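Trainee: Below is one structure. I have some questions about it.
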Amino acid sequence: MARRAPKSLVLEWDEGGWDQLLTGIVKSHLEPRAEKIADACNKHVEAQANSSLSEQDSSFTDPRKQKARRRGRAIMHQEPADGKRDYMVDSEGSNPLNLNDYRATVITVTNRAKLDNARSHTLVANLHLGAGGVS
1 MARRAPKSLV
11 LEWDEGGWDQ
21 LLTGIVKSHL
31 EPRAEKIADA
41 CNKHVEAQAN
51 SSLSEQDSSF
61 TDPRKQKARR
71 RGRAIMHQEP
81 ADGKRDYMVD
91 SEGSNPLNLN
101 DYRATVITVT
111 NRAKLDNARS
121 HTLVANLHLG
131 AGGVS
């Protein structure tokens, strides 16, 4: 018995509908998960800023380390601008230049968030909060 060549199949779909579907998934499922991470990171940076008020420079004998510690404390006390938070969620949708560009991302907005994340790996430490379902 001779094998027949498989027929070719052409799939077509509505690009706008596909974009709408993926954007809806990002908005309804990924952004709430990212917000949980951002909220925990913001609580951490606030706690770090409050605890740095009680730190003493005398623990370092090297003047350069004392200066760096004071500079770090000054950054930790800079409040974010109105309407901003230290860690925020950014989401992106369809972009013809990038494949797989649908995402929700937690970003460091302020210098103190960048310093906090560099010192404590805050984003990685709170990544587990984005797992599972949305409550």
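Here the sequence shown is numbered in the numbering used here, starting from 1 and rising by one per residue.
In this text, a Cβ means the ideal position worked out from N, Cα and C, and glycines have one as well.
Keep in mind that this is a model prediction, so the values were computed, not measured.
Is the beta carbon of Glu-92 sitting closer than 7 Å to the one on Asp-82?
Mentor: Their beta carbons are not under 7 Å apart, which means Glu-92 does not touch Asp-82 by this criterion.
Trainee: Going by other Cβ atoms of all chains shown within 10 Å of its Cβ, with 16 needed for buried, is Val-89 buried or exposed?
Mentor: Label assigned to Val-89: buried.
Trainee: Of the residues Ser-8, Leu-30, Lys-114, Glu-46, which one's Cα is nearest the Cα of Gln-103?
Mentor: A quick correction: the sequence has Arg, not Gln, at residue 103. Of the candidates Ser-8, Leu-30, Lys-114, Glu-46, the one whose C-alpha sits nearest the C-alpha of Arg-103 is Leu-30.
Trainee: Name, in chain order, the residues that DSSP records as bridge partners for Thr-110.
Mentor: According to DSSP, Thr-110 bridges with nothing at all.
Trainee: Please state the DSSP three-state secondary structure of Ser-51.
Mentor: It is helical.
Trainee: Considering only the beta carbon of each residue, do Ala-113 and Val-45 sit closer than 7 Å?
Mentor: Yes; because the gap between Cβ atoms is below 7 Å, this pair is in contact.
Trainee: For Val-89, does the three-state DSSP call read helix, strand or coil?
Mentor: Three-state DSSP puts Val-89 in a strand.
Trainee: Could you say which of Leu-115, Leu-127, Ser-120, Leu-22 lies nearest to Arg-71 if we only look at CA atoms?
Mentor: Checked all of Leu-115, Leu-127, Ser-120, Leu-22; the closest Cα to Arg-71 is Leu-115.
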